[in-house]
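What follows is a set of notes on a single structure, which appears directly below.
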Ligand SMILES: Nc1nc2c(c(=O)[nH]1)N[C@H]1C(S)=C(S)[C@@H](COP(=O)(O)OP(=O)(O)OC[C@H]3O[C@@H](n4cnc5c(=O)[nH]c(N)nc54)[C@H](O)[C@@H]3O)O[C@H]1N2
Ligand SMILES: Nc1nc2c(c(=O)[nH]1)N[C@H]1C(S)=C(S)[C@@H](COP(=O)(O)OP(=O)(O)OC[C@H]3O[C@@H](n4cnc5c(=O)[nH]c(N)nc54)[C@H](O)[C@@H]3O)O[C@H]1N2
Ligand SMILES: [Mo]
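Residue numbers (my numbering): 78 to 825.
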């Protein structure tokens, strides 16, 4: 489509509501008479090169949906009764200001939790509001063990002093055509299903682009997927045993001497200690633990280690493994000892483009943004920071399991309120959902900021504020590359952006904010200053900017002295080397070397439980149509997947007398949930696989139905809390013991 004849084109970076997603696709929005009429992928944007996903393409249905909340609402009846009335923004802000100030005066700012979901666009505005108010308790509430990316980030920071991603040319403006880029010979894809997910600042299809040019993939996944069926090696391990497999691969590579000796000698520290540790994990022993044959472990290790250049890509299953931080550490060691660090087509250091961040990824940044004094003060009260040194020392999160327990028990102090923004704990994020429901119900004051009602807003919210989609707001985006902005194309109802809402409240709750910035635009521009850019300039140049040469752009920055503050060649770790024996972990009271631990409620650790509930359930495998608990009301998306399915191996189904398309219960000690059977050989006979985030917007919203959440929400069966040395990782989403039962005739 072209602009002209009353049609205006807006180039935007997609981040947050509409598509959801961690990605930053460039999309072109076409607007006529103040309404969005079409969306198309931006072919000039280096990230997605013109592509769109099903959720972006359905944006009009999402934005103009009749269920969309378009004014602030206040509860007008008991919690859960489903009665809300529209109020003005002034009334909403006044009420929230009064209540939040009252709670702060009586109980302290820490008694309000600031709860977010995954990294859409919310990290910046929500941490900004929490710290402006003075609460240290910024948390992905319900995400047991903060089990999404934080364990991997922590391991990378400890090992390399920086973050890393598989290099698919994304840091280069000309992408695959840049002569500096070399396609990876191999990409090791660990616990990730890239095509439908685009997670963690990475566009999944880049791996497919590389595969088309000859890149081989090695996949570590208990299921068969599109990618595993095209892999050179598929390591089909028992869920949750990733730690053992990584140690087994290290064992092969070290003992066969096929590691990069020169690189290890020059840049790594602690190799001898690692060598000694991996002797405990022979391929034969690891085969016994993981179910992957020893010769497959050996041949996959050889393929990986002998490749000229190999990328490392990984996903959520690494974090949800027990001791996710140590599993992630073992995988970083695979990248390191093979010398695949910061080279074309290897694993490259990933820093936010131009050094601009929207919110703190590390404690260092937290200090840089808010000052040491505030951070020290926050750490004293942050839930989990006194129990777990890594929670204290890496990133600003409160520990989610302890946070919800505090709501229930008042320990370490009473929690009085929750600010829930871009987050649906009851509908998708929280393990042991009923526990979260009961604990949150007891709080005095709850605000939710969302676009639609969902089980959380219905059951808990006193005030609901209507949020804007990416098409309706100004925001900036920085997650590795490129640095991007989203310009406001249209207005829907009275919706406001998360930045606008939080900026207004932050100013009311902390007058200093108003002295520093006059508007959200000023705040954004002040963040972009580091890049020598402004919001307007970025819009002018097409909505994105790639990093210039220097510390934010590969390759071989460690050799060029670009990584450390002192300018000396090396890595940004305490020793200047890649720490295979981690001094940082040691400081956190975590084993400085990787080790293996069984899933805590798995069939080996709890054989009695497995006898009763013999199937291992993987939950949460992503569906390209939905983003977590979103999009079930969007006609184009829902019609492709009308009901929540469970994948069951045909032999298991036969044994249980279950037919394809029949409704069944998934059941364990915590409850039971409904699913439609889908017979599939993608899973092994002793496991099942099902999606998370299911509730039905078409059902009654008021209690007790709550949009069917108690029928369909799988996380009711997922136990908690996590139990790890670091306080991070180990959410039991991917290893839950269950059984299947047929549903009585006509049940649904
Ligand atoms: N069983 C199981 N459960 C899981 C997982 C799993 O693998 N298995 N994965 C877990 C993981 S990794 C994560 S990160 C969590 C994610 O969990 P959440 O991020 O909490 O995901 P949602 O449930 O979709 O809740 C997001 C809510 O935010 C709203 N929203 C979307 N965009 C915006 C926006 O821009 N502004 C505002 N104000 N609201 C917005 C949506 O309408 C929705 O109600 O789920 C976890 N839950
Ligand atoms: N369309 C869509 N995209 C999304 C999301 C969404 O909800 N919808 N959510 C976003 C979020 S917050 C996240 S965290 C990412 C997650 O995206 P991914 O990291 O890809 O995570 P999953 O889809 O949960 O699982 C990926 C693969 O891990 C395998 N797996 C399961 N258990 C194990 C195990 O124990 N070990 C190993 N090695 N593999 C295992 C599954 O079979 C699956 O194929 O996706 C993001 N992108
Ligand atoms: Mo996530």
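Note that beta-carbon positions come from the ideal geometry of N, C-alpha and C, so glycine has one too. Since the structure is predicted, the reported quantities are computational estimates derived from the model, not experimental observations.
Ligand 1 heavy atom lying under 7 Å from the CB of residue i
i: residue 147; result: no
i: residue 527; result: yes
i: residue 161; result: no
i: residue 581; result: no
i: residue 393; result: yes
i: residue 785; result: no
i: residue 500; result: yes
i: residue 564; result: no
i: residue 220; result: yes
i: residue 506; result: yes
i: residue 347; result: no
i: residue 198; result: yes
i: residue 335; result: no
i: residue 769; result: yes
i: residue 577; result: no
i: residue 620; result: no
Span of the alpha helix (DSSP H) around residue i
i: residue 411; result: 401–414
i: residue 396; result: 393–397
i: residue 311; result: It is not in any alpha helix (DSSP H) - residue 311 instead sits in the beta strand (DSSP E) that spans 310–312.
i: residue 84; result: Looking at the DSSP string, residue 84 is not in any alpha helix (DSSP H); the run it does join, the beta strand (DSSP E), is 84–90.
i: residue 543; result: Taken as a continuous stretch (DSSP letters only), residue 543 belongs to no alpha helix (DSSP H), being part of the beta strand (DSSP E) at 540–543.
i: residue 623; result: Unbroken run through residue 623: none, as it is neither H nor E.
i: residue 727; result: 727–733
Close beta carbons around residue i, own chain, < 6 Å, minus the five adjacent residues each side
i: residue 676; result: 317, 399 and 812
i: residue 697; result: 769 and 810
i: residue 546; result: 94, 95 and 140
Cutoff 7 Å; reference residue i; Cβ partners in own chain excluding five residues on either side
i: residue 713; result: 135 and 138
i: residue 641; result: 647, 649 and 653
i: residue 280; result: 100, 124 and 125
i: residue 232; result: 402, 405, 406 and 409
i: residue 558; result: 247, 248, 430, 623 and 624
i: residue 465; result: 476, 803 and 804
i: residue 173; result: 524, 540 and 582
i: residue 629; result: 428, 430, 431 and 432
N-terminal and C-terminal residue of the beta strand (DSSP E) that residue i is part of
i: residue 583; result: Segment 575–586 is the alpha helix (DSSP H) holding residue 583; no beta strand (DSSP E) there.
i: residue 527; result: 522–527
i: residue 747; result: No beta strand (DSSP E) holds residue 747; DSSP gives it neither H nor E.
i: residue 109; result: 103–109
beta-carbon residue i near ligand 2 non-hydrogen atom, thresh 7 Å
i: residue 811; result: yes
i: residue 297; result: yes
i: residue 743; result: no
i: residue 267; result: yes
i: residue 319; result: yes
i: residue 314; result: yes
i: residue 403; result: no
i: residue 697; result: yes
i: residue 680; result: no
i: residue 684; result: no
i: residue 398; result: yes
i: residue 273; result: yes
i: residue 307; result: no
Proximal residues to residue i (C-beta, below 8 Å), its chain only, five neighbours per side dropped
i: residue 678; result: 686, 796, 809, 812, 813 and 814
i: residue 154; result: 160
Any heavy atom of ligand 4 within less than 5 Å of residue CB: hits in chain order: With respect to ligand 4, the structure shown offers nothing to examine, as its ligands consist of ligand 1, ligand 2 and ligand 3.
Meets three-Cβ-pair contact criterion under 8 Å: the region 796–808 and the region 463–471: Enough Cβ pairs lie closer than 8 Å, so yes.
Touching by the beta-carbon criterion (3+ pairs, under 8 Å), the region 338–352 and the region 655–664: Here the region 338–352 makes contact with the region 655–664; the two share three or more CB pairs at distances below 8 Å.
At least 3 beta-carbon pairs within less than 8 Å: the region 148–164 vs the region 176–193: As far as the Cβ criterion goes, the region 148–164 does not touch the region 176–193, which means the pair count is below three.
The region 455–468 / the region 206–219 touching (three or more Cβ pairs under 8 Å): Note that the region 455–468 touches the region 206–219; at least 3 beta-carbon pairs, one per stretch, sit closer than 8 Å.
Cβ pair count under 8 Å reaching 3, the region 684–702 against the region 109–123: No, the region 684–702 does not touch the region 109–123.
Inter-stretch contact at 8 Å, needing at least 3 Cβ pairs: the region 758–778 / the region 508–525: Two segments are said to touch when three or more pairs of C-beta atoms, one from each, lie closer than 8 Å; by this definition the region 758–778 does not touch the region 508–525.
Cβ contact check for the region 256–273 and the region 86–99: 3 or more pairs under 8 Å: Flag = no, the region 256–273 and the region 86–99 do not touch.
At least 3 beta-carbon pairs within less than 8 Å: the region 414–423 vs the region 320–335: Three or more Cβ pairs drawn from the region 414–423 and the region 320–335 lie within less than 8 Å of each other, which places the two stretches in contact.
Segment contact, 8 Å Cβ cut-off, at least three pairs: the region 374–385 with the region 188–206: The region 374–385, when compared against the region 188–206, does not touch it at the 8 Å Cβ threshold.
At least 3 beta-carbon pairs within less than 8 Å: the region 700–710 vs the region 731–746: The answer is no - the region 731–746 does not touch the region 700–710, with fewer than three Cβ pairs under 8 Å.
Three CB pairs or more closer than 8 Å across the region 296–311 and the region 333–344: Result no; under three Cβ-Cβ pairs closer than 8 Å.
Contact the region 486–500 vs the region 526–537: 3+ CB pairs below 8 Å: Flag = yes, the region 486–500 and the region 526–537 touch.
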